[in-house]
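Student: There's a structure below that I have some questions on.
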Amino acid sequence: MTTAPAIELKGISKAFGPVQANKDISIRVMPGTIHGIIGENGAGKSTLMSILYGFYKADKGEIFIKGYKTQIPDSQAAIAAGIGMVFQHFKLVENFTVLENIILGAEDGRWLKPSIAKARRTLLELSEDYGLSVEPDALIQDIGVGMQQRVEILKALYRQADILILDEPTGVLTPAEADQLFRILDRLRAEGKTIILITHKLREIMDTTDTVSVMRRGEMTATVKTAETSPAELAELMVGRKVLLRVDKTPAQPKDVVLDIKDLHVRDEKGVERLKGINLTVRAGEVLGIAGVAGNGQSELLEVLGGYAEGTGNITVNGQPLDLTGKYSDGQSRRAHGIAHVPEDRQREGLIMEFAAWENVAFGYHHDEAYRSGALMDNTAIREDTEGKMERFDVRPPDPKLAAKNFSGGNQQKIVLAREIERNPDLLLIGQPTRGVDIGAIEFIHQQIIALRDKGKAVLLVSVELDEIMALSDRIAVMFDGHIMGERLPSQTDEKELGLLMAGIGAQK
Amino acid sequence: MDVMPKWAEVILVPLISLLLAAVISALVILAIGEDPVAAAKLMVTGALGSTYGWGYTLYYATNFMFTGLAVSIAFHARLFNIGGEGQAALGGLGVALACLYIPWPHWSLALVGAAVAAGLFGAAWAAMPAYLQARRGSHIVITTIMFNFIAASLLNYVLVNLLRPKGSMDPASARFPDAVHLPTLHELLAPLGIAFSKSAPANVSLLVAVAACVFLWFLIWRTRLGYEIRSFGHSESAAKYAGMPPFKIIMVTMLISGALAGMMAINNVMGEAERLVLNSVEGAGFIGIAVALMGRSHPLGVFIAAILFGFLYQGGAELALWTAIPRELIVVIQALVILFTGALDNMVRMPLERMFLALRMRKEV
Amino acid sequence: MDFLTLIQLLDSAVRLATPLLLACLAGLYSERAGIFDIGLEGKMLAAAFFSAAIAALTGSVWIGLLAGIAASLALSAIHGVASITFRGNQLISGVAINFLAAGLTVLIAQSWFKQGGRTPSLIGNARFEPITLPFAEALQNVPVLGPIYYELISGHSILVYIAFAAVPFTWWLLFRTRFGLRLRAVGENPAAVDTAGVSVVGLRFAAVGICGILCGIAGAYLSTALQAGFVKDMAAGRGFIALAALIFAKWRPWYALYACLLFGLFGALETRPDVIENLIGVKVQIQLLAALPYLMTVIILAGFVGKAIPPRAGGEPYVKER
């Protein structure tokens, strides 16, 4: 006798406009197992699970739950089919109690008191069955993220879900909290629940799952038994054997230290420590690549250096200390220090999408002598400069009056790059230089970065693309969970070793 | 690519909104048993058929230019200043004080002085809501509404207890001295040999309003400050990346906005009434919202929309005079314009975008 | 100040607080569900006109009340379509509704009654008459409690009692029922409601609808109980004072009652400046009293007297996202 899979997806495809988020994906998950789905950011994991939870409708494909073909047009249908989902960003009402959040939408009748009383009893049972203790009358805003996540899990269990999807559940957890979570998942599995764990962390997959599927660029590249694979193999499947991008470059000739970071700590708005004591140096004439899975503190590092997040520690540029909290911790002051910054998210930060190309060329440099005349902007000068930049950086179409949103990703990036590089900065910060950029432009952008290095400038490169890090860096530092896991020379390491470091495995300090 | 070509965005969308507002207004006129075509004709002849009509149309338009610009500049920083009414009322107080207590030798100097006073008073009235928004995150919409009411009480107090001449029962200031009388269009155009109605209130402030339009265009599209204001309005995160301080931008934008609303007083208080009366603003602060929405916050758009609303105001007054249709018809039209160009923008836009998309697809096939 | 003056003053405060309270609770439902509503004023005004007009035409104040509620609901529907369906700007929609009501009421009043934008004076059954509570007359002469019961508690129109009863009812509905839980949740985090399988759009429309009904009663009270007929602009900023009271009450029903009574008392004192002068020995400007609700709201907003935190999702159209 064969048991039907708890979930079976057949040929799921989903496109958002021209972007194919999921391509012909099929997957089988047996009941009572933990199935991992691993892949880089943007590989299509979340889209796939959103389809399963009724947030999106697939363009093609079929869903079978416990052997029966099921339509899931909305969340209600997903809940009815016994699917529960714990989102990466919790869907909790902050000023409600734990109990209120748990019964929301699954109340037992019109009146609250009996519903809450019933929920209190059920909650007690659930807590005992699965080892999930929570304080039922605490407000969500008063409990920690680990506890909040438990509430999300309890919400699903309260709705009698026997299939539980967790989307990047450890992204906001401390290692101890994560360990606790995995113990709970083990227990749930033992009780017969089916769990899908979406993550980009190899160690979590290795430690907890029974089977694992790897996604890359909207496709499912492999499904294997966890016991029969290795982190190295998964890392390879995950990053993929893309056409190796070759960048012609001579060996670096590092000179004086330009950027010196000592013991840098950063907390986010919620008070969670995102950088936990970073020490780095970048010399003139070298590219330091920061490798790491997204969300391990790279963004915060760039924001502090760029002047729009606060931190503690010591940072000097050319020997001069940077103001990390006070009046001079802003973009203007950073530029005065000779720092240029190509931000990770060019659409939210690097560009004003509604502005014309020429207006964006002045963005952040609008107080510059060359771009102003008195209180006015020297629009003619900026436009002329833009024309030149567009020509030198091969921006297409070369129309300074076109709004930024109307350029392709690669050409948008060239506009930002032209603006920042042609300032001739001493230090260039550059995040995800080729995210969403077409192949042709990638090569050009890489050449520009190397050219700047060869002019004796310092470059701090952050990228989640390992290929890119390998191709451009003269030294590589790997970040994990707000720490620098180690530094390597590209010639003396390989993707496997870096992949392990990125997963938090290896020479931890 | 943009779904819609620029001309559709700038002209077609407002035009359709306006058309919708006009159709519904016509239905309203029909429903109250009047003839919309006759009403429209009467409005056109009444507001545009004579220099008298034009004189009133332009007088109202002057008010709306100031308040429309005030709302527009705030919109550029994504701030909604509903406080134009109160800021204009305070501007009136500034004008009254300047005109009553400073012995001006000539109207031109008085105009400059009164405009400065009006601007300062208006800006001061906008400063507090701006500060609360920038520092405390208090919603500027609510605070500016509250400041409108506080302004009304304040003016009531000042007029009844302080500025009212002894023996007068009327809650109004004394009449301004003759020296500060602003030349009307009649007086301005007569030397050029152009006959313009003597009794129409349009005056030299119209030129100041037009200058304000030009100034604001310059400020928004040419200066570094305007560039920062627009950047902040489009994307706060990008403005932070670039190092543009939000506090400064919110404060400066609202001060300019308040000053513009306040400067309306050189038209209605100094140019027309020549004394400060109770409720001198008469809703012009609110019409600024409709004007700004319709003019898409562009000074040229505001200029055109202000004249349109001036026409509606004067036309509406004529209607009230000659037919049974009350003046409030223009309030209805104003509401419909705000509704369609503002709140229901997506309703007009979505079908249009679909249409243009289909058109382009067909072209590409 | 003698006892009777005090009772009269409080009685007048209750009368003036009633429309504020109804409108304030109306706003409470809407804003608790995440829909800002600065169109309370307009909805009250429309309801005031239609209830007076229909009461005058039919001779029945109850039909008038229904008409007022219907008018207010129609404006609520516009607000809902603009801000929920088409995800438009809730503030701009509210502004439009205020003007729409201000214009249409006069326009229609003029067309129907030709009395310069007012309705005929309401008499008899076309008006809500004061209700004398049981034993009020009998107990009138009992010292202290008698006058309080007779003057202050008894002798109001039915709508006053409805308004005051609406406070505990609202509290109960919001905090003791499933509907209330969901309504509060949708104003705090619509995504939580959506992922729990409950319709965000449905809940928000329900809230906007309740807001319409309450504004309708508030408007009807103005023209058929507080006064006998509609006059132009008779809401006179009450919608905004109600908004101020709502912030003052930090979006809570019982506090809304206290805030509205306080603002009602300011209103009552505005007509009796002599009372204050006798009381504190200083002449207080009536203009200051008129501005007091707004001044106090600004002070609250500034955070000097505890921070008023509005529902977190207020003013933002809900867009589903991953």
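Chains as they are written, first to last, in numbering that gives the first Met the number 0: chain E, 0 to 508; chain L, 0 to 364; chain V, 0 to 321. No residue lacks a Cβ here, since even glycine has one placed at the ideal position from N, Cα and C. Everything numeric in this text was worked out from a predicted model, so none of it was measured.
1) The beta strand (DSSP E) spanning E272 (chain E) covers which residue range?
2) In chain E, which residues lie less than 8 Å from G242 (chain L) when you measure between Cβ atoms?
3) Quick one: grab the DSSP three-state call for V92 (chain E).
4) Which of the residues in the segment 71-95 of chain V, read from start to end, lie with their CB under 9 Å from any CB of chain L?
5) Assess contact between the segment 114-134 of chain V and the segment 4-14 of chain V, defined as three or more Cβ pairs (one per stretch) separated by less than 8 Å. Is contact present?
6) Give the secondary structure of L243 (chain E) by DSSP, where H, G and I count as helix, E and B as strand, and everything else as coil.
7) Measure the alpha-carbon distance for Y51 (chain L) versus C210 (chain V) and round it to whole angstroms.
8) Distance, Cα to Cα, R215 (chain E) vs I197 (chain E)?
9) Got a sec: is the Cβ-Cβ distance from K247 (chain L) to anything in chain E below 9 Å?
10) Express the C-alpha separation of Q109 (chain V) and I322 (chain V) in angstroms, rounding to a whole number.
11) Suppose the cutoff is 6 Å on Cβ atoms and the five residues either side in sequence are ignored; what does the same chain contact list for R27 (chain E) look like?
12) For G349 (chain E), which residues in chain L fall below 8 Å Cβ to Cβ?
13) Going by beta carbon distance, what residues of the same chain come within less than 8 Å of L277 (chain L), once the five residues before and after it are set aside?
14) Identify every residue that forms a DSSP beta bridge with P320 (chain E).
15) Kindly say whether V242 (chain E), judged by its beta-carbon, lies nearer than 9 Å to any beta-carbon of chain V.
16) Taking 9 Å as the cut-off, decide whether the C-beta atoms of L218 (chain L) and I72 (chain L) are in contact.
17) DSSP state of K261 (chain E), grouped into three classes?
18) With burial defined as no fewer than 16 other Cβ atoms inside 10 Å of the residue's Cβ, what is the status of G257 (chain L): buried or exposed?
19) On a Cα-Cα basis, can you pick out the residue from E:H445, E:E39 and E:P30 that is closest to K65 (chain E)?
20) Is Q252 (chain E) helix, strand or coil when you go by DSSP?
21) Excluding the 5 residues preceding and the 5 following S12 (chain E) in the sequence, name in chain order all residues of the same chain whose CB lies nearer than 7 Å to its CB.
22) Suppose you measure from the CA of A105 (chain E) to the CA of I77 (chain V); what does that come to, to the nearest Å?
23) Find the residues of chain V that neighbour L111 (chain E), judging by a C-beta separation of less than 9 Å, and give them in chain order.
24) Go through its chain and collect everything with a Cβ distance to P164 (chain L)'s Cβ below 6 Å, but skip five positions before and after it.
25) So what's W250 (chain V) in DSSP terms, helix, strand or just coil?
26) What does V197 (chain V) touch in chain E if you count any residue whose Cβ is under 7 Å from its own?
27) Enumerate in chain order the residues of its own chain whose CB-to-CB distance from I351 (chain E) is below 8 Å, with the five nearest sequence positions on each side excluded.
28) Helix, strand or coil for H482 (chain E), going by three-state DSSP, please let me know.
29) If you measure from the beta carbon of S296 (chain L) to each beta carbon in chain E, is any gap under 9 Å?
30) DSSP beta-bridge partners for G35 (chain E)?
31) Bridge partners for H340 (chain E) per DSSP, in chain order?
32) Given this structure, state the Cα-to-Cα distance separating L44 (chain V) from A25 (chain L), to the nearest angstrom.
33) Going straight from the alpha carbon of T75 (chain L) to that of G232 (chain L), what length do you get?
34) Report the rounded CA-to-CA distance for L416 (chain E) versus V461 (chain E), giving the unit in angstroms.
35) Mind checking which residues open and close the beta strand (DSSP E) that includes F63 (chain E)?
36) Identify the contact partners of E187 (chain V) in chain E, using a Cβ-Cβ distance below 9 Å as the criterion.
Tutor: In brief:
1) Per DSSP, E272 (chain E) belongs to the beta strand (DSSP E) from E272 to R282.
2) G306, Y307, D329, G330, Q331, S332, R333, R334 and G363
3) Here DSSP, grouped into helix, strand and coil, assigns V92 (chain E) to coil.
4) I77, H78, V80, A81, S82, T84, F85, R86, G87, N88, Q89, L90, I91, S92, G93, V94 and A95
5) With the cut-off at 8 Å, the segment 114-134 of chain V and the segment 4-14 of chain V do not touch.
6) Because the pLDDT of L243 (chain E) is 47, which lies under 50, any placement of that residue in the model is unreliable, and the question is left without a value.
7) 46 Å
8) 13 Å
9) no
10) Outside the displayed range of chain V (0 to 321) lies residue 322 (chain V), so it cannot be described from this structure.
11) P4 and E7
12) A237 and Y240
13) L154, N155, L158, P170 and A171
14) E:T315
15) Any reading at V242 (chain E) needs caution, since the residue's pLDDT is 43, under 50, leaving its predicted position unreliable; the model's value is listed next. No, V242 (chain E) lies away from the interface with chain V (no Cβ there is under 9 Å from its Cβ).
16) yes
17) strand
18) buried
19) E:P30
20) coil
21) N21, K22, D23, A57, D58, K59 and G60
22) Taking the straight line joining both Cα atoms gives about 31 Å.
23) Within chain V, the C-beta atoms nearer than 9 Å to that of L111 (chain E) come from F174, R175, T176, R177, G179 and L180, in chain order.
24) A173
25) coil
26) G104
27) E358, N359, F362 and A403
28) strand
29) No, no contact with chain E.
30) In the DSSP output, where bridge partners are listed per residue, G35 (chain E) has E:L196 and E:V211.
31) E:L428
32) 23 Å
33) The question names Thr, yet the displayed sequence has His at residue 75 (chain L). Going by the C-alpha atoms only, they are around 6 Å apart.
34) 15 Å
35) DSSP places F63 (chain E) inside the beta strand (DSSP E), whose first and last residues are K59 to I64.
36) E187 (chain V) reaches chain E at V92, E93, N94 and F95, counting residues in chain order whose Cβ is nearer than 9 Å.
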